[in-house]
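Remarks on the structure that follows.
In our numbering, the protein residues as written are 896 to 1064.
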């Protein structure tokens, strides 16, 4: 098995139009509904395809994962984990170690501050992570071993606003 690669994504931009709606139920806004598939197309152009997608159960994360997955031919199934809702880095590691299996490329769609904290703790890099950002992190040990040896190498970080203009479709 090649060493695992994590595509770590913060959910796309969500709507705050209904102040009575619970945080867990908030949907994506128009910009978020456009950004998620845009990032999926960008991943494909980079030759990256997640074998598995793990998403928070929050509506905005789940929808982001689904819209991104649908850009792929034979879309990967989106698996939902309540533990990814406002997860700490340790909680994300637990999900990856328990469910990553032998997949070489896994995507996690979750929330801040957990996304930024994960990148900082795993790679010692401090990154600003706006909505729909994707960080590519390589690990030198299988998913299960992240429980013991959790250090990765940040290969790249893509923010929607930094993509080439021709990706605006």
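The C-beta atom is built at its ideal place from N, Cα and C for all residues, glycine as well.
- Message: Can you list, in chain order, the residues of its chain with a C-beta nearer than 6 Å to that of residue 966? Leave out the 5 residues immediately preceding and following it.
- Response: The beta carbon of residue 966 sits closer than 6 Å to those of 932, 935 and 936, all from its chain and outside the five residues before and after it, given in chain order.
- Count the other CB atoms, across all protein chains shown, that sit within 10 Å of the CB of residue 1020; report buried if there are 16 or more and exposed otherwise. So residue 1020 ends up on the exposed side.
- Cα separation between residue 942 and residue 1041? If you take the alpha carbons of residue 942 and residue 1041, they lie about 25 Å apart.
- Query: Between residue 1015 and the rest of its own chain, which residues show a CB-CB distance below 6 Å, the 5 nearest in sequence each way excluded?
  - Reply: Excluding its 5 nearest sequence neighbours in each direction, residue 1015 has C-beta neighbours in its own chain below 6 Å: 1021, listed in chain order.
- Message: Out of 906, 938, 1039 and 1009, which one is the CA nearest neighbour of residue 960?
- Response: Closest by C-alpha distance to residue 960, out of 906, 938, 1039 and 1009, is 906.
- Task: Closer than 7 Å by C-beta to residue 926: which residues in its own chain qualify, once you throw out the five before and the five after it? Chain order, please.
- Result: Contacts found: 908.
- Task: Could you give the DSSP three-state label for residue 975: helix, strand or coil?
- Result: Strand at residue 975.
- Roughly how many whole angstroms lie between the Cα atoms of residue 1064 and residue 958? Here the model assigns residue 1064 a pLDDT of 43, short of 50, so the residue's position is not dependable and the matter cannot be decided.
- Delimiting residues of the beta strand (DSSP E) encompassing residue 1031: Looking at the DSSP string, the run of the beta strand (DSSP E) that includes residue 1031 is 1029-1034.
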